[in-house]
Every structure is written in C-alpha cells, then in structure tokens.
Amino acid sequence: MTPEQEREFRRFFGDEFPFRRFFEEPEQIPIPNPRPSRGVGSGVIVSDDGYILTNNHVIEGTDAIKVTLSDGKEYDAELVGRDAQSGVGGSDLAVIKIDAEALPVLPFGDSDALEVGEWVIAIGAPLNYSQSVTRGIVSAKGRTGFTTYGQFIQTDAPINQGNSGGALINIRGEVVGINTSIATNGLTMGNIGIGFSIPSNLAQQILPQLIENGKVERGWLGISMEPVSAELAEEMNLDTPRGVLVKVVGPKSPAQKAGIQVGDVILTFDGQQVRDLDHLRHIVGATRVGKSVEVTVIRENGEAERLTVKLGRRTQETLASLSPDEEPPIVVQADEEEGTLAGLQVQELTPEMAERYGYASGEKGVIVAQVEPGSNAEKKGIKPGYLIQELEWMPVDDLESYARVAKQLKAQNKRRVLLYVRLPDNRGGDYVTLGTRRTSDR
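Heads up: the sequence shown is residues 1492 to 1933, going by the working numbering.
#1: Evaluate residue 1783 with the Cβ neighbour count: other Cβ atoms within 10 Å of its Cβ, from every protein chain shown; 16 or more gives buried, anything less gives exposed.
#2: How about residue 1740 and residue 1716: do their beta carbons lie closer than 8 Å?
#3: Check residue 1716 in the structure and name its three-state DSSP category.
#4: Counting only the same chain and skipping the five closest in sequence on each side, list residues whose C-beta sits under 7 Å from that of residue 1830.
#5: Output yes or no for whether 8 Å exceeds the beta carbon distance between residue 1660 and residue 1611.
#6: Would you tell me roughly how many angstroms separate the C-alpha atoms of residue 1885 and residue 1647, rounded to the nearest one?
#7: Would you give the residue range spanned by the beta strand (DSSP E) that residue 1775 belongs to?
#8: Is the separation between the beta-carbon of residue 1643 and that of residue 1599 shorter than 8 Å?
#9: Just to confirm my understanding: we take residue 1537, look at its own chain, exclude 5 residues before and 5 after, and list those with CB closer than 6 Å. What are they?
#10: Identify whether residue 1533 lies in helix, strand or coil by the three-state DSSP scheme.
#11: Are the Cβ atoms of residue 1803 and residue 1780 separated by less than 8 Å?
#12: Leaving aside the five residues before and after residue 1634 along the sequence, list all residues of the same chain whose C-beta is less than 7 Å from its C-beta, in chain order.
#13: Assuming residue 1666 contacts residue 1535 under a Cβ cut-off of 8 Å, what Cβ separation, rounded to an integer in Å, is found between them?
#14: Kindly list the residues whose CB is nearer than 6 Å to the CB of residue 1713, restricted to its own chain and excluding five residues on each side of it in sequence; keep chain order.
#15: May I ask you to report which of helix, strand or coil DSSP gives residue 1921?
#16: Span of the beta strand (DSSP E) holding residue 1658?
#17: Can the beta-carbon of residue 1546 be found less than 8 Å from the beta-carbon of residue 1650?
#18: Rounded to whole angstroms, what's the CA-CA distance from residue 1776 to residue 1844? Just pull it up for me.
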C-alpha cells in the first residue's frame, strides 16, 4: 500500500470520513414504489435540479413513482428516460426527475481507473433500511453476460434487495458504479458476497441521452465476429490473442461502406485497443450514432490498414440481418494425403447442391460431401454441406484449385494452415485452424 493509499484508507475508516455529509444532506435516495409488490429501490441524484439515476428494473411497470430523500421529504417523480435490457440490449439504467432545487450531488469518478482490491462502499435501502452503507472491495472488473452492453464491476460489498440503483463509491467520495444485481447460489435470494455494478463511465455515456431523448441510440458497425485464437494470433504475428476476427460483413452496413472485409482482425476502434468481442460490442454500442471513427485492421496479407467508419443506428432489424444463430468455430486436422482433409470427402459444388444448401448461384468452393464417423472432423462439428472457400488465404474455386493449393502448402512444410468455411443457408462462415498431420502421427 502506497503512502497515499494508506492516507485514503485511514480517512475511510477514521475521523475524516468522506461521506459524513451523506447522513446530513439528501445526496443518496431510496425510491419507494407505491405498489407494495414492487418493493423499494435506490437512486443517485445527478443534478441539483432533481434528476435521479436508478435502475430500469426498479421503476419498470410502475404507475407512479415516489421519492423519499434522507431528510424525510417526499416527492412525486416523473419518468424521463429508460434503457431496458430487452430488444436490442440495454444497460438497465433509467432517469427520473423530482421538482426540487439546490440538491447536493456526488461527483462521478473514473470507473476505468478502479483497481481490483480497491475499497468501495455501497449505499442504498436494502430491505427498506434506508441510508444503509456497506463496504467491501472491487473483486473483479469486466464481468459480462448480464446485459448486451457493459462490462460490470464485481464487488463483495453486501448488496441486497433494495440496493438496486444505488451508488457504489470509492474512498474519495466519487460514484464509480450503480449497483444493479447479485449472484445467488439457488438456496437463498440474499447476498453471498458477489454483487455487480454498472461502471460509472458507462452510466455517464448513457445519462445525457436519457435526459435529452428519453432513450438510448446505440452505434452499429454491421459485422458478425469471433474471438482471435492463439493459432490465428500466431498467423497474424500478434504478440497475444487480441482484437476480433470479422466473420460476416452485413450488406450496406457501415462496415461494408468503410471497406472492412471478412477475415480482417480489428485491433483498434476510435483510439481504443480492442481486447475481445465483449469489449468491441461495448465501445461500439456506447459510441454516438453518426460519429465517424478510425478503425485499425490487419488484412489477410498481414498488412495493417486504417479505415474510417461512420456508425449507423442499431435496431432489431439490423441485429436480425446478421443471422444471430451462428455456429461455433470449427477445428479440423489435415490428412497428409494430397487433396483431402482428415475424415472428410469433398466434391465440386454443383448448381443442385448449391440450391439444396442455400448457397448463391455462382458461389465458388468445394463442398463437404461426407464426414467420417468418429473422426476428429465430426467431433469438431464439421458437417456435410459446409463449403470450403479458402486455404491459407488463397481462394479455392473448385476441386482442381483445392488440390493445387493443398499440394503447395504441403511443399512448404506448414504445420498448420487457415481454412475459411461457409455455412449453409447464409449463416456466415468460420475461419478454421488446420493442422497438417493427423493427431496419431504427432
């Protein structure tokens, strides 16, 4: 612990408690719901003229909202905007407003600057016990899977029913998160030391839209993507697996208009290093519709390119256009015999087979005709009807080119190659990591 951290720690537990005025002024508020079945939630005053940030699930379905401040004053509140989790995904944030003036406001802190192990406190009205404060540490950052957008802060500060919408605060008295949910073990609905908060930086991005427009419009890039595997990172000469691999580029999408291609690896977006799928989904969704941003990609030839993308608006229709039912990546191993893959038989793509499997007229490639039962290819999910279109970035138009490229790669003594496989019925494609020997030969 550095001297500065020690001083802050002593302030946190000592006489210089930075939240003393919290108990004297109405900075943090519980939001009782007038319908008894809906219970109690919490919220954070974000402006001195009465705007309050809370969770959408706290106010969802209510006919009326009442707010009680810490000084006992009660107000009727109106719903200003909400960002539900349904539809195209949402943050579960909402803004309400009361008719009041000169309210005290806690400042927002930088949630990106939080460190695992840092002390935090949660404030709210758990089980209707208003103005309750619990303390804990940041257990983890970047937790995903709760909403489509956002990477959550995990904390062991006790959070219970009624804490939703309340503030998670650092030891400097700054709001670094909005408490939103807990994990349970199935035996109890109470706290077990695993709570989640919406990062303050995400809340600050969404807040102005909720106040101005009553809803959130999210940026849309128009791609389907998958993680960058260790094998692909090696092929691309990346030091670590990072970024995302573009699997599908939507027709007439912002990505297509900017020149993003299938097989590109996106490394940066609007000046930020892209860590993984969830990270890119988050930063794209948090970017203003219509904004032009710079994107750095690595092409199949290994060269980096900078492209400018003007983001579109994400809607349910744009989601559906990218075929949400995508299959997972497939890994197969190659036979040493020229022109074949371990456990697979391939053949020319005839017009009849193209129609049967939903490929466009004039589509190029060789089609998987048979998969050997019990083979590695079968175990990894390869199925008849899949269309092989590339070997190591080189196009495969027919059986002749397939055999020629396979022979060329074998002559180079490559231990693995990359394969691009299209899925039937316009479900996109997968880049496959392909070994050059059977498992039993290694």
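Cβ atoms here follow ideal geometry from the backbone N, Cα and C, with glycine treated the same way.
Taking the geometry as given:
#1: exposed
#2: no
#3: strand
#4: Note that residue 1830 scores 43 on pLDDT, short of 50, meaning its location in the model is unreliable; the coordinates nonetheless yield the value given after this. 1893, 1894 and 1897.
#5: yes
#6: 51 Å
#7: First-last for residue 1775: 1768 to 1776, but that is the alpha helix (DSSP H), not the beta strand (DSSP E).
#8: no
#9: 1544
#10: In the structure shown, residue 1533 falls within a strand segment according to DSSP collapsed to helix, strand and coil.
#11: yes
#12: Contacts found: 1642, 1643, 1645 and 1687.
#13: 6 Å
#14: 1741, 1744, 1745 and 1746
#15: strand
#16: Residue 1658 -> beta strand (DSSP E) spans 1658 to 1661.
#17: Result no, Cβ atoms of residue 1546 and residue 1650 do not sit closer than 8 Å.
#18: 39 Å
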